[in-house]
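Asker: Just dropping this structure here.
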Amino acid sequence: KAKGDGGNRYGFFSEEMSIAMKKRMALEIALRGALDRGEFVLHYQPRIGLPSEKLMGVEALVRWNNPERGLVPPSDFISIAEETGLIDELGIWVLRQACLDIQGLSNRLGYQLSVSVNLSPKQLLSPNLVAQVQHALDQAGMQSKYLELELTEGAFIHDMQASTLAMQQLKTLGVRLAVDDFGTGHAGISYLQRFPIDVVKLDRTFITPNTSEPHGRGFMKALSDMTHALGLHVVAEGVEDKATLDLLCQTQCDEAQGYFIARPLPLSMLVTYVEKKWVTV
Ligand code: C2E
Ligand code: MG
Ligand code: MG
Ligand code: MG
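If you use the UniProt record's numbering, the sequence shown corresponds to residues 576 to 856, in order.
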């Protein structure tokens, strides 16, 4: 079919590729426009302390509010934004907006919340990152200790020297650094010692099965003890039921986040959530 197909010398396979490429280019252009038109929004997922269940802070999660498609999840556009370099600009916007929103809310409540922001691997190695983080904090009037930056293992596994330096510079600002999705990548326990990390976020795929497995409890306890021995804080992601939350309390996990506690919420709904918690506490 590939040859002698008249109109298309490159054949079926290339035609498929070119459709994919056109789609990608269209998405790139759309993302650029979305940034200019202010179509990105942040949702905030609550994070609670254990065993108190007190609200400690929130994680900022970006969505694209597309007029035709509705709310587009980050999995559909973050990697493209990374490949095209748009992530730097989007990342700065996320940082600033998250600090402004959460400091604003904290001021209104008279109750300081922390905010976690996800950084892409590319952002970590950007030479402007430290200045951008400082600027976001200054603009919001937020103390640096209330900002946590989440990095996936992939962000620092490639160029360890450059990543360590970037992380050390961020640490001098006084922000906290977290390893996101811990347990899903290749980076093992030694990384927790090697890099200037404060918080380990255990991935959902790591947490959920342990609720039902016979050695799950022991495993979680060992993991939590080891993390504590390294002087780090443990947060469990993707807590979807009561059994898991109970297990995390028993194994001395420090904080939990997940649908069982709350979904990621638009700012207005976060306000309602916090006020409700505030009254019932
Ligand atoms: P992440 O940082 O690991 O965020 C947690 C993801 O798990 C979020 O998906 C959240 O909605 C989802 N989640 C939370 N609790 C539960 C649960 O109980 N069950 C299940 N099944 N899922 C739960 P989301 O918002 O779609 O974000 C996906 C990923 O996109 C994030 O994973 C993060 O890596 C990336 N991302 C999100 N916002 C940003 C951003 O502003 N910048 C960058 N660079 N990446 C971002
Ligand atoms: Mg995260
Ligand atoms: Mg995660
Ligand atoms: Mg994840």
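Ideal placement from N, C-alpha and C gives every residue a C-beta, glycine not left out. Just so we're clear, the structure is a prediction, and the values are computed from it rather than from any experiment.
Taking three-plus beta-carbon pairs below 8 Å as touching, is the region 651–665 in contact with the region 674–685?
Answerer: no
Asker: Quick check on the burial criterion: 16 or more other C-beta atoms within 10 angstroms. Buried or exposed for residue 823?
Answerer: buried
Asker: For ligand 5, is there any heavy atom lying closer than 7 Å to the beta carbon of residue 833?
Answerer: Only ligand 1, ligand 2, ligand 3 and ligand 4 can be found as ligands here, which leaves ligand 5 out of the picture.
Asker: Roughly how many angstroms lie between the CA atoms of residue 707 and residue 849, to the nearest whole one?
Answerer: 29 Å
Asker: Under the assumption that residue 694 contacts residue 726 (Cβ atoms under 8 Å), give the Cβ distance between them as a whole number of angstroms.
Answerer: 6 Å
Asker: DSSP has residue 685 in a bridge; who is on the other side?
Answerer: According to DSSP, residue 685 bridges with nothing at all.
Asker: Out of 839, 821 and 847, which has the shortest C-alpha to C-alpha gap to residue 627?
Answerer: 821
Asker: What distance in whole Å lies between the Cβ atoms of residue 780 and residue 759, which are believed to be in contact at a cut-off of 8 Å?
Answerer: So it is a contact: roughly 6 Å between Cβ atoms.
Asker: Keeping to the same chain, check which residues put their C-beta closer than 7 Å to that of residue 625; ignore five residues upstream and five downstream.
Answerer: 823, 824, 828, 829, 830 and 831
Asker: For residue 593, count neighbouring C-beta atoms within 10 Å of its own C-beta (all shown protein chains included) and say buried if the count is 16 or more, exposed if not.
Answerer: exposed
Asker: What residue range does the alpha helix (DSSP H) around residue 521 cover?
Answerer: Outside the displayed span of the chain (576 to 856) sits residue 521, for which this structure offers no information.
Asker: Less than 8 Å separating the beta-carbons of residue 804 and residue 776?
Answerer: No, they are not a contact pair.
Asker: Which residue or residues does DSSP assign as beta-bridge partners of residue 616?
Answerer: 638
Asker: Taking the CB atoms as reference points, tell me whether residue 814 and residue 835 lie closer together than 8 Å.
Answerer: yes
Asker: Which term fits residue 785, buried or exposed, when burial requires 16 or more other beta carbons within 10 angstroms of its beta carbon?
Answerer: By the C-beta density criterion, residue 785 is buried, having at least 16 other C-beta atoms within 10 angstroms.
Asker: Within a Cβ cutoff of 6 Å, which residues of the same chain sit near residue 852, ignoring the five residues on either side of it in sequence?
Answerer: 630
Asker: Just to confirm the assignment: which complete beta strand (DSSP E) runs, minimum length 3, are found wholly within the region 680–758?
Answerer: Runs found: 689–693, 722–727 and 751–757.
Asker: Taking three-plus beta-carbon pairs below 8 Å as touching, is the region 720–737 in contact with the region 658–668?
Answerer: no
Asker: Given a threshold of 16 other Cβ atoms within 10 Å of its Cβ, counted over all protein chains shown, does residue 689 qualify as buried or as exposed?
Answerer: buried
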